[in-house]
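The listed protein sequences correspond, in order, to chains Z and H.
When you number the first sequence by the working numbering, it's gap-free, plus one each residue, and the end is 115.
When you number the second sequence by the working numbering, it's gap-free, plus one each residue, and the end is 227.
All C-beta atoms in this analysis are idealised placements derived from N, C-alpha and C, irrespective of residue type, glycine included.
Since the structure is predicted, the reported quantities are computational estimates derived from the model, not experimental observations.
Written below as C-alpha cells is the structure these notes are about.
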Amino acid sequence: GENVEQHPSTLSVQEGDSAVIKCTYSDSASNYFPWYKQELGKGPQLIIDIRSNVGEKKDQRIAVTLNKTAKHFSLHITETQPEDSAVYFCAAPGGRGNQGGKLIFGQGTELSVKP
Amino acid sequence: ETGVTQTPRHLVMGMTNKKSLKCEQHLGHNAMYWYKQSAKKPLELMFVYNFKEQTENNSVPSRFSPECPNSSHLFLHLHTLQPEDSALYLCASSQPTNTEAFFGQGTRLTVV
C-alpha cells in the first residue's frame with residue numbers, strides 16, 4: 001500500500017521568508033496529492049492539490065510541485081505571515097481507485113512564522 | 116466552514132459508557148469517512164462509506180461501530196472504550212471519485 005513520508009516535522013521561519021515542506025510517496029499509481037492546513041482546534045482544511053498530469057500549481061502565495069519520477073511533491077509558501085502558522089499535512093491516495101477522501105497522510109509539519 | 120459539521124465538539128466518557136459521534140455534510144457528497152488523529156501521529160483512516168455502504172474498515176476494533184443511514188449523515192457509536200482511544204475523531208466527505216475531500220472540525224474525545 002501507499003506510504004507517505006513528510007519532512008521536516010517542525011519549521012520555524014521569519015515573517016516574509018519562504019517555507020518549503022517536502023513529501024515522498026511510494027505508489028507510482030498515485031495521481032492526486034492534496035495539502036491540508038490544520039489550525040489549533042480545527043479540522044484539516046484543503047489549501048491546494050495537484051494531479052499527476054501537471055508538475056506545478058500555484059495559488060497566490062502557495063504552490064505545489066510534483067516530481068513523478070522521483071515520487072516526491074513539495075509545498076512552497078512565499079512571503080510567510082504569522083497567520084500561516086499551523087500544522088500542514090501532505091497526503092496521497094490510499095489504495096486503488098484514487099478515491100478523493102481515502103487518503104494516506106504524512107506525519108505533519110508544524111510551521112511557526114515569527115513576526 | 117467546510118460544509119461538514121460534527122457534534123459534539125468535545126466529549127468525555129468513562130470506559131463503561133456508550134456514546135455516539137455525529138457527522139453531517141451539506142455538500143451533496145456520496146462518500147463519507149471517519150479518521151482518527153492522535154497526538155504525534157498521522158491521521159489514520161478508520162472507515163469508508165460509499166453511497167451508504169461500508170467499503171472499508173481499516174482493522175478498527177469492534178468497540179467502534181459506524182453507521183451511515185444516508186449519504187449526508189455518518190455516526191460513530193462508541194462503547195467500552197479504552198483510555199488510548201482518546202483522540203480527535205474527524206469526519207470527511209467527498210465524491211467517490213478522485214476529487215477533493217472536506218473535513219469537519221472534529222470531536223475531541225477523552226476516555227477516563
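_Neighbour list for Leu103(Z) in chain H, Cβ cutoff strictly below 8 Å_ = Leu158, Leu160 and Ala216
_Is Tyr148(H) close to chain Z? Criterion is C-beta to C-beta, closer than 8 Å._
yes
*Hey, is Ile21(Z) close to the ligand HEM, as in C-beta under 7 Å from one of its heavy atoms?*
Questions concerning the ligand HEM fall outside what the structure shown contains, since it holds no ligand whatsoever.
*asked:* Measuring straight from C-alpha to C-alpha, what distance separates Thr170(H) and Met147(H)?
replied: 10 Å
*For Ala207(H), which residues in chain Z fall below 7 Å Cβ to Cβ?*
Gly101
*Three-state secondary structure (DSSP) at Asp17(Z)?*
coil
*Are any of the Cβ atoms in chain Z nearer than 8 Å to that of Thr131(H)?*
no
*asked:* Within a Cβ cutoff of 6 Å, which residues of the same chain sit near Phe190(H), ignoring the five residues on either side of it in sequence?
replied: Ser135, Lys137 and Glu182
*What residue from Cys206(H), Thr222(H), Leu224(H) and Gly221(H) has the CA that sits closest to Tyr164(H)'s CA?*
Cys206(H)
*Please classify Leu40(Z): is it buried, with 16 or more other beta-carbons within 10 angstroms of its beta-carbon, or exposed?*
exposed
*Helix, strand or coil for Pro82(Z), going by three-state DSSP, please let me know.*
helix
*Examine chain H for any beta-carbon lying closer than 8 Å to the beta-carbon of Asp27(Z), and answer yes or no.*
no
*Contact set between Pro44(Z) and chain H, taken where Cβ atoms lie within less than 8 Å*: Leu158, Leu205 and Phe218
*Looking only at DSSP bridge pairs, what is His192(H) linked to?*
Ser135(H) and Ser180(H)
*Take Thr122(H) and list the residues in its own chain whose beta-carbon comes closer than 6 Å to its own, dropping the five residues that flank it on each side.*
Lys137
*At least one CB of chain H closer than 8 Å to the CB of Phe89(Z): is that the case?*
yes
_Using a Cβ-Cβ cutoff of less than 8 Å, which residues in the same chain neighbour Leu103(Z) once the five nearest sequence positions on both sides are dropped?_
Pro34, Ala91, Ala92, Pro93 and Gly94
*Can you name the residues of chain H whose CB is closer than 8 Å to the CB of Asp49(Z)?*
Glu215
_Integer-rounded CB distance, given that Ser28(Z) should sit under 8 Å from Lys57(Z)_ = Between Ser28(Z) and Lys57(Z) the Cβ distance is about 20 Å, and since that is not below 8 Å, they are no contact.
*Could you please tell me which residues of the segment 59–86 of chain Z, in chain order, have their CB closer than 9 Å to any CB of chain H?*
none
_Need the endpoints of the beta strand (DSSP E) that Lys151(H) sits in, please._
Ala146 to Gln152
*asked:* Using a Cβ-Cβ cutoff of less than 6 Å, which residues in the same chain neighbour Thr78(Z) once the five nearest sequence positions on both sides are dropped?
replied: Ser18 and Arg61
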